[in-house]
Structure formats: C-alpha cells, structure tokens
Ligand SMILES: [Mn+2]
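Residue numbers (the UniProt record's numbering): 1 to 338.
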C-alpha cells in the first residue's frame with residue numbers, strides 16, 4: 001500500500017493521542033471486526049482509544065473480544081459526545097461519507113480532530129486528512145491488516161486482534177467466495193490464523209446462531225420470493241406484519257437476499273424490508289457479474305455500496321416501492337441479459 005499513508009499514520013501514532021474509532025450505522029461484521037482490530041492494535045501501542053458505534057450491532061457479533069467495551073451512541077450519547085469532543089484523532093472505518101453515521105454526523109462535522117479514513121466503498125468524500133480508500137479490497141479488515149503490516153507491526157497481532165480481522169474478512173467475502181476475494185486475501189487470512197485466529201470458532205459463532213423464529217422468517221421470505229426470468233431478477237419482500245409474526249430481531253434478515261442469486265440464471269437479487277417505525281423500506285441489492293447494484297442503488301434508491309452488493313431505502317410504501325422497482329427493470333434489460 002501507499003507509503004505516504006503509512007508515513008502519515010505513523011506520524012500520528014508516534015505521540016499519545018485521544019483516539020475515537022467509528023464504523024457506519026447498522027454495523028456489520030466488517031465494520032465491527034475492523035474497528036475492533038484497529039482498537040486492539042492501538043491499545044497495544046499504549047494509545048487511548050475508544051470505539052463508538054452510531055447504533056447497536058447484531059448479537060452474532062457480540063462474542064468478539066473487546067465488543068463489550070464499544071460505546072453505543074444511541075444508548076450512551078453523552079459519553080460518546082464527550083469522547084468525540086476530546087478526540088485528537090478520529091478513524092472512520094468501512095464507510096466514506098459522513099451521511100453513513102446517522103446522528104453522529106454533526107458531531108464529526110464540528111470536530112477539529114485529524115480524520116483517518118480506511119474504507120473500500122466507491123466514491124469517497126474527502127473529509128479525511130489521511131485517506132486510505134481502495135475499492136479493490138475485500139474488506140476494511142484486510143486494509144487494517146495492511147496498515148499494521150505497513151507499520152512493520154505484524155508481530156504485535158494478538159489472537160484477539162487476529163480473530164477480529166478474520167471475522168470481518170469472512171463476513172464481507174461471504175466466507176471467501178465473492179469476487180473481491182484475492183490470493184492476497186487468503187495470504188492475509190493465513191497470517192491471521194498463524195497469529196491465533198480460531199477460524200472454525202468464528203464460523204460457528206457467526207453462522208450457527210439460528211433461532212427457530214429466524215428460520216421461520218427465512219421460510220416466509222423464500223415463500224414471498226418473486227422471480228422475473230425476463231430480467232434475470234429475483235426479489236423478496238418482508239412486511240412489518242410478517243416480521244412481527246416471526247418475532248424479528250436485529251440481524252435476523254442478514255443473508256436472506258443472497259438466496260435469489262443461488263438460482264440458476266439469476267444475476268440480480270433484491271430484498272425489500274418494511275420498517276414501519278422509521279417509515280421506510282430498507283433494501284439490499286446483490287448481483288453477479290458486471291451489473292452494478294452500486295449504480296442502481298445510487299440512481300434510484302438513495303443508496304450505494306459495491307458493484308455486487310449495495311443497500312438503499314425508499315420513503316414510500318412497500319407496495320409503491322415494488323412497483324417503482326419493477327418499472328425500472330426494462331431500461332436495464334440489456335445489462336441484465338449480458
Ligand atoms: Mn466492508
């Protein structure tokens with residue numbers, strides 16, 4: 001990676017700092033894994049560092065070492081505010097524009113701390129003084145590893161740090177199967193296992209956590225799946241009533257969207273999830289091949305992400321959202337047939 005970035009980060013860490021580390025709202029495995037990985041590293045260097053999440057994260061990530069010390073802004077906003085006000089350095093991980101952190105946005109905009117961005121999403125904003133942005137990376141966790149390696153600190157990787165980064169790489173690559181998984185990703189993962197990451201344990205703790213109600217919700221989602229062969233598209237809907245029926249808990253719908261892509265001939269899969277409390281429909285997009293769901297989500301559903309995985313939202317009813325979605329497909333017919 002770029003030596004200038006390493007030099008700049010080294011310069012920052014050569015003196016004691018008050019550091020805050022922040023991932024995006026609704027943090028996923030890569031967001032939590034990368035912030036924890038960096039946090040373990042900084043603590044090991046004797047730095048004063050705290051992770052602040054914009055809101056809570058799923059239970060299947062709460063076993064990760066150090067996760068109990070993460071400050072949740074929604075729950076402890078005064079603690080979070082005071083930490084941000086005092087921060088001399090703020091690391092923002094796994095996102096690249098401040099609109100991705102919800103109510104934390106104004107606090108960061110008013111901060112005079114030095115910002116460091118480490119992220120692999122497309123089209124970064126330029127709020128950070130030190131910007132390590134690379135869309136070719138499998139995960140932010142892989143990038144945190146690169147930083148540690150660049151600083152010549154691989155020997156300081158503890159088993160706790162290793163399992164944090166391993167877990168984020170595992171979740172962001174769909175267990176090493178997405179096209180963003182490179183030989184380098186496997187070399188990084190090999191190094192993390194060497195440094196004490198218990199890989200089987202990470203898989204069990206993240207993926208073997210089903211509850212009967214979640215499996216029933218999955219059954220409902222799959223039953224609702226609509227296949228539009230003409231557009232090589234499959235979409236799933238879940239209404240608030242359905243979520244309530246199956247006792248929905250945060251994180252329960254994780255991975256549901258991917259089932260569409262397991263159908264032969266389907267290259268575009270979408271899930272629409274109603275959120276009555278926020279008055280929105282949350283949408284996840286996945287694709288195989290060249291069809292960019294990042295562009296699709298940006299153009300029509302206030303979202304974005306990666307070429308093959310993106311998120312978005314809609315402020316109209318779930319029925320209207322579906323009609324809008326269907327009405328958009330004809331203009332993408334050639335791309336979806338490619
Ligand atoms: Mn990520």
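Built from N, CA and C at the ideal position, the CB exists for glycine as well. None of the values given here were measured: they were computed from a predicted structure.
Check                                                                                                                                                   : Outcome
At which residue ranges does the segment 169 to 250 contain complete beta strand (DSSP E) runs of 3 or more residues, listed in the order of the chain? : 226 to 228 and 233 to 238
Does residue 64 pass the burial test, meaning 16 or more other C-beta atoms within 10 Å, or should it be called exposed?                                : buried
Ligand 1 and residue 140: does any heavy atom of the ligand fall closer than 6 Å to the residue's C-beta?                                               : yes
Do residue 96 and residue 119 have their C-beta atoms within less than 7 Å of each other?                                                               : yes
What first and last residue would you give for the alpha helix (DSSP H) that runs through residue 85?                                                   : 77 to 86
What residues are listed by DSSP as bridge partners for residue 132?                                                                                    : 118
Taking the alpha-carbon positions, what's the residue 308 to residue 256 distance?                                                                      : 15 Å
Using the C-alpha atoms, what's the distance from residue 275 back to residue 239?                                                                      : 8 Å
Would the segment 222 to 238 count as touching the segment 184 to 191 if we require 3 or more Cβ pairs under 8 Å?                                       : no
Would you identify the three-state DSSP class for residue 316, choosing helix, strand or coil?                                                          : coil
Looking at the secondary structure, which residues open and close the beta strand (DSSP E) in which residue 27 lies?                                    : Taken as a continuous stretch (DSSP letters only), residue 27 belongs to no beta strand (DSSP E), as it is neither H nor E.
With residue 281 and residue 321 assumed to form a contact (beta carbons below 8 Å), what rounded beta-carbon distance in angstroms separates them?     : 5 Å
Tell me the DSSP bridge mates of residue 53?                                                                                                            : 72
Return the first residue and the last residue of the alpha helix (DSSP H) that residue 293 is part of.                                                  : 293 to 300
In three-state terms, what does DSSP make of residue 8?                                                                                                 : helix
From the DSSP output, read off the bridge partner residues of residue 282.                                                                              : 273 and 313
Locate the alpha helix (DSSP H) running through residue 91, then write down its first and last residues.                                                : Looking at the DSSP string, residue 91 is not in any alpha helix (DSSP H); the run it does join, the beta strand (DSSP E), is 89 to 93.
Hey, how far is the Cα of residue 13 from the Cα of residue 5?                                                                                          : 12 Å
Could you tell me which residues DSSP pairs with residue 20 in its beta bridges?                                                                        : 50 and 90
What does a CB cutoff of less than 7 Å around residue 189 pick up in its chain, not counting 5 residues either side in sequence?                        : 166 and 169
Comparing the CB of residue 152 with every heavy atom of ligand 1, is any distance shorter than 6 Å?                                                    : no
Which of helix, strand or coil does DSSP assign to residue 139?                                                                                         : coil
Could you spell out the range, first to last residue, of the alpha helix (DSSP H) harbouring residue 290?                                               : Counting along the chain, residue 290 falls outside any alpha helix (DSSP H), and DSSP gives it neither H nor E.
Alpha carbon to alpha carbon, what distance is there between residue 214 and residue 88?                                                                : 42 Å
According to DSSP, simplified to helix, strand and coil, what is residue 66?                                                                            : coil
DSSP three-state call for residue 102: helix, strand or coil?                                                                                           : helix
Check each candidate in 228, 83, 2 and 102 and name the one with the smallest Cα separation from residue 112.                                           : 83
In this structure, how does DSSP classify residue 150 when only helix, strand and coil are distinguished?                                               : helix
Going by DSSP in three states, residue 304 sits in which element: helix, strand or coil?                                                                : strand
Would the beta-carbon of residue 68 fall within 7 Å of that of residue 55?                                                                              : no
Report the option in 121, 230 and 116 whose CA atom is closest to the CA atom of residue 10.                                                            : 116
Measuring straight from C-alpha to C-alpha, what distance separates residue 123 and residue 160?                                                        : 32 Å
List the DSSP bridge partners of residue 268.                                                                                                           : 233 and 287
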